[in-house]
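In the UniProt record's numbering, the protein residues as written are 1 to 144.
Positions of the beta carbon are idealized from the N, C-alpha and C atoms, including for glycine.
Here's the structure, in structure tokens; my notes come after.
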Amino acid sequence: MTAPSPLDRLLAIEQLRDLQARLCRLASARDWPAVEELFLPDGRFRAFGADGALTCFADGPGIGQAIDRALGAGTLIVRAFGEEFDVLSDSRAEARSSVEDLLFVGDRERVLHGFGWLSVAYRRDGGHWRIRSAEFTRIAREQR
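Shown next, in the form of structure tokens:
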């Protein structure tokens, strides 16, 4: 496995940033079919609570539905920032980012304000980066 050139690495990081932004936007819009398209067909999602307990998991098709069930009803806002990317090859990459999520119900009453980090493994598939696995670990949660 040959390391990518500096230019290829920068191009990959920019593409991965776009993918991360799209994931946050589509999750906030609760467009779960579009979220699923960001994952490989055999992709995996795991979420852990602040206590370390597994709170949501799904493999392959059904990732969006599993996240939707775990969240329940409401308006969701997801923000990721402080990304750290490791481009391992021309077809594999990993990233870690800080995440803040908010959930509102009814007349915009906030019921959840969470903080954590997201670890993602990416694979290039058909010339496009897709998510192989995503693991969200909550480190703090404010709930009303």
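Span separating the alpha-carbon of residue i from that of residue j
{"i": "Cys56", "j": "Arg130", "result": "20 Å"}
{"i": "residue 151", "j": "Asp68", "result": "The first residue shown for the chain is 1 and the last is 144, placing residue 151 beyond what the model contains."}
{"i": "Asp8", "j": "Ser91", "result": "11 Å"}
{"i": "Ser133", "j": "Arg108", "result": "32 Å"}
{"i": "Ser119", "j": "Ile77", "result": "19 Å"}
{"i": "Arg144", "j": "Leu71", "result": "15 Å"}
{"i": "Ala66", "j": "Gln20", "result": "19 Å"}
{"i": "Ala12", "j": "Ala58", "result": "27 Å"}
{"i": "Glu14", "j": "Arg138", "result": "26 Å"}
{"i": "Arg110", "j": "Ala34", "result": "25 Å"}
For residue j and residue i, believed in contact at Cβ under 8 Å, the rounded distance
{"i": "Phe115", "j": "Ala140", "result": "5 Å"}
Bridge partners - residue i, DSSP secondary structure assignment
{"i": "Gly126", "result": "In the DSSP output, where bridge partners are listed per residue, Gly126 has none listed."}
{"i": "Arg110", "result": "Phe104"}
{"i": "Gln143", "result": "Leu112"}
Of the listed residues the options, nearest to residue i (C-alpha basis)
{"i": "Pro41", "options": "Leu26, Gly106 and Tyr122", "result": "Tyr122"}
- Unbroken alpha helix (DSSP H) runs of length 4 or more, entirely within the region 17–64: which are they? Every alpha helix (DSSP H) stretch that sits fully inside the region 17–64 and reaches 4 residues is listed by chain position as 32–38.
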